[in-house]
Amino acid sequence: MGLRRKSRELALQFLFSHDFAGASDEPQAVEHELERFCACFETGKKTLPYARELIQGICAKRTQIDGELADRSHNWRLERMSHVDRNILRIAVYEMKHRDDVPLKVAINEALEIAKLYSKSDSVAFINGILDAVQGEPGETGPTAG
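What follows is the structure, encoded as structure tokens:
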């Protein structure tokens, strides 16, 4: 398993906790919460930098990301999704829309592989369907402005 996969898993664990607690997305609050999280759990020095980038980016753009998900998840409000699925989707959408170093197919595949480990078996198809819709037109290859 690569460092980025481990970083994504670490970000998922943090975001799950953050989401479940209803914590603030204010940058200083997120950083403080992340420091506390790292003190309690083994995070790994090599995985933490990318996980931190994901966490900070997702928290900063949560409204935009959640809007993107809400537009694509017909018949499913975000509040109805499991905390795990919702945060796997947030990580993937953030990478798809805001990281030019992550190809769309990689972001989707990583989300599906992580879903196989952390979510229910029927969630993989659900996540894949939403991410396919987020991916948009077949010619789209990278992040959009924003």
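FYI, the numbering for the sequence shown is 105 to 250, going by our numbering.
Using N, Cα and C, we set each Cβ at its ideal position, and we do this for glycine too.
No experiment lies behind these values; they were computed from the predicted model shown.
Fully contained in the stretch 119-149 are the following alpha helix (DSSP H) runs of length 4 or more, in chain order: 131-144. Taking C-beta separations shorter than 8 Å and ignoring five residues to either side along the sequence, the partners of residue 236 in its chain run 212, following chain order. For residue 186, the three-state secondary structure derived from DSSP is coil.
193 is the residue among 156, 131, 193, 152 whose C-alpha sits nearest the C-alpha of residue 169. The same chain holds no residue with a CB closer than 7 Å to that of residue 233 once the five nearest residues on each side in sequence are set aside.
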